[in-house]
Amino acid sequence: MVACATYWGLQDNTLAIFREILTTTQSRLEAGNLHFGHGYFDAHDEAVALVLAAEGLDPTTGPEILDVVMSDAGEKKLQLFLQQRIHDRLPTAYIIGYAALGELTFWCDSRALVPRSPLMSVIHEGYSPWFNQATPLRIVDVCCGGGSLGLLAAYHSPESHVLLLDIDADALALAGTNRRDQGMGNTLCVQADLLEALAPSSVDIILANPPYVDAEDMANLPQEYHHEPRLALAAGDDGLDLVHRLLRQASLVLSPHGMLFLEVGNSAPALASSYPALTFIWLELPSGGHGVCAISANELRNSIELTGSPASQV
Numbered sequence: 005m006v007a008c009a010t011y012w013g014l015q016d017n018t019l020a021i022f023r024e025i026l027t028t029t030q031s032r033l034e035a036g037n038l039h040f041g042h043g044y045f046d047a048h049d050e051a052v053a054l055v056l057a058a059e060g061l062d063p064t065t066g067p068e069i070l071d072v073v074m075s076d077a078g079e080k081k082l083q084l085f086l087q088q089r090i091h092d093r094l095p096t097a098y099i100i101g102y103a104a105l106g107e108l109t110f111w112c113d114s115r116a117l118v119p120r121s122p123l124m125s126v127i128h129e130g131y132s133p134w135f136n137q138a139t140p141l142r143i144v145d146v147c148c149g150g151g152s153l154g155l156l157a158a159y160h161s162p163e164s165h166v167l168l169l170d171i172d173a174d175a176l177a178l179a180g181t182n183r184r185d186q187g188m189g190n191t192l193c194v195q196a197d198l199l200e201a202l203a204p205s206s207v208d209i210i211l212a213n214p215p216y217v218d219a220e221d222m223a224n225l226p227q228e229y230h231h232e233p234r235l236a237l238a239a240g241d242d243g244l245d246l247v248h249r250l251l252r253q254a255s256l257v258l259s260p261h262g263m264l265f266l267e268v269g270n271s272a273p274a275l276a277s278s279y280p281a282l283t284f285i286w287l288e289l290p291s292g293g294h295g296v297c298a299i300s301a302n303e304l305r306n307s308i309e310l311t312g313s314p315a316s317q318v
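Counted the way the working numbering counts, the sequence shown spans residues 5 to 318.
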């Protein structure tokens, strides 16, 4: 116990309570030249997550533990966690094995991106003003990774049918684990290359968070991103390698009243310049984030047919 007390900057034989350990953990993270944003907003959020996980406590545990002494085993595990986070630059979600998106918590590992998509806000707002969330819908989460968006959509719209699609078998296996853990009977996981497995006019809503990081951004990403699967991030020189195909396929599989909700992040300017005839509705989301747009099925069909855009050549 003396070693642990010394590690946290306490006097020998001092029993460390959670309040002190949280403060010290946050300070160490802040001094670590780390990148935050992989499921946690800042050093404080990560400190709370790491401390609770090290002690084996539920992530919803409240301030009632602040003046309780942390166990010796928990302190030692936390030291290991901090080594992984600060020295190895491993995202906290991968260290503890889970991350939250909205109301749900998902199992999380390096088979898929850490859940963090701003498309969460589109789901929370019920796809307004285009749809009434109370109406049963046919929803597809394409490039689903660990399945967080699709499962969150199923949670908020239990009468809807939700399909989770990904080309990567490992990512889809993680999505399947999350699906079973959440008990979402209105969902199905299918391995597919984007939307090619779907019938024409069979989908009302597409939630798409495809790989969209361009070559320049890939070369400058913080170290934390390099623990995530490259397949889920890199998308060529302009970040649109998959998006061109996705737009073409979406124009075929969306129902006449359907909508595509697409996240492209920093590749938004490249997308807009590639499709000058296509009307993108760029969304301002309460949870933050940028580069998220909504596109109607009719707009997709009309614009892609008329412009001879890259998507129509796939």
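For every residue, glycine included, the Cβ atom is placed at its ideal position computed from N, Cα and C.
Whole-angstrom C-beta distance between residue j and residue i, which should lie under 8 Å
i, j, result
"asparagine 213", "leucine 123", "6 Å"
"leucine 244", "alanine 274", "6 Å"
"serine 259", "alanine 201", "Contact flag wrong, Cβ pair sits at about 16 Å."
"histidine 292", "tyrosine 216", "Correcting the residue identity first, residue 292 is glycine in this sequence and not histidine. The pair is not a contact, with the Cβ atoms about 17 Å apart (cut-off 8 Å)."
Cβ neighbours of residue i in the same chain (closer than 6 Å, five flanking residues each side left out)
i, result
"histidine 48", "Gln30"
"alanine 175", "Arg115, Ala116, Gly149"
"aspartate 242", "Asp218, Ala274"
"leucine 192", "Leu167"
"isoleucine 69", "Phe22"
"tryptophan 134", "Met263"
"arginine 93", "Gln227, Glu228"
"alanine 272", "Gly295"
"glutamine 15", "Only weak support exists for where glutamine 15 lies, its pLDDT of 48 falling under 50; the value from the coordinates is given anyway. Excluding positions up to five away in sequence, the list is empty."
"alanine 7", "Residue placement at alanine 7 is poorly supported in this model, since its pLDDT is 46, which falls under 50; the coordinates are not used for a value here."
Cβ shell of residue i (< 7 Å), same chain only, five flanking positions each side left out
i, result
"threonine 181", "Trp111"
"alanine 173", "Gln195"
"proline 162", "Asn190"
"cysteine 297", "Leu266, Phe284, Ile285, Trp286, Leu287"
"leucine 141", "Phe135, Ser161, Ser164, Asp208, Ile209"
Segment limits, beta strand (DSSP E) that includes residue i
i, result
"threonine 96", "Segment 96 to 100 is the alpha helix (DSSP H) holding threonine 96; no beta strand (DSSP E) there."
"arginine 142", "142 to 146"
"glutamate 299", "Contrary to the premise, residue 299 reads as isoleucine rather than glutamate in this sequence. Its beta strand (DSSP E) spans residues 296 to 300."
"histidine 165", "165 to 170"
Per-residue DSSP class, three states only, for residue i
i, result
"aspartate 208", "strand"
"arginine 183", "helix"
"alanine 281", "coil"
"serine 307", "helix"
"phenylalanine 110", "strand"
"alanine 175", "helix"
"leucine 287", "coil"
"alanine 138", "coil"
"leucine 105", "strand"
"leucine 275", "helix"
"leucine 117", "coil"
"arginine 93", "coil"
Contact set for residue i: own chain, Cβ-Cβ below 8 Å, skip 5 residues either direction
i, result
"leucine 211", "Leu123, Val126, Ile127, Ile143, Val144, Asp145, Val146, Leu153, Gly154, Ala157, Phe265"
"leucine 105", "Gly43, Pro119, Arg120, Ser121, Met124, Ser152, Leu153, Leu156"
"arginine 183", "Gly151, Leu155, Leu168, Thr191, Cys193"
"isoleucine 25", "Trp12, Val55, Met74, Glu79, Leu82"
"glutamate 303", "Leu282, Thr283"
"leucine 108", "Ser152, Leu155, Leu156, Tyr159, Gln186"
Range of the contiguous alpha helix (DSSP H) that encloses residue i
i, result
"isoleucine 25", "22 to 34"
"valine 194", "Counting along the chain, valine 194 falls outside any alpha helix (DSSP H), though it belongs to the beta strand (DSSP E) covering 191 to 195."
"alanine 157", "152 to 160"
"leucine 38", "Leucine 38 -> no alpha helix (DSSP H), and no H or E assigned at all."
"histidine 128", "123 to 128"
Distance cut-off 8 Å: residue i Cβ against heavy atoms of the ligand NAD
i, result
"leucine 178", "This structure lacks the ligand NAD; in fact it carries no ligand of any kind."
Inset, instruction - Please go through the stretch 200 to 270 and give each complete beta strand (DSSP E) segment of 3 or more residues, from N-terminal end onward. - result: Inside the stretch 200 to 270, DSSP marks whole beta strand (DSSP E) runs of 3 or more residues at positions 207 to 212, 258 to 267, from first to last along the chain.
Inset, instruction - Could you name each continuous beta strand (DSSP E) segment of 3 residues or more that falls completely within the stretch 40 to 82, going from the start of the chain to the end? - result: DSSP runs (the beta strand (DSSP E)) wholly in the stretch 40 to 82: none.
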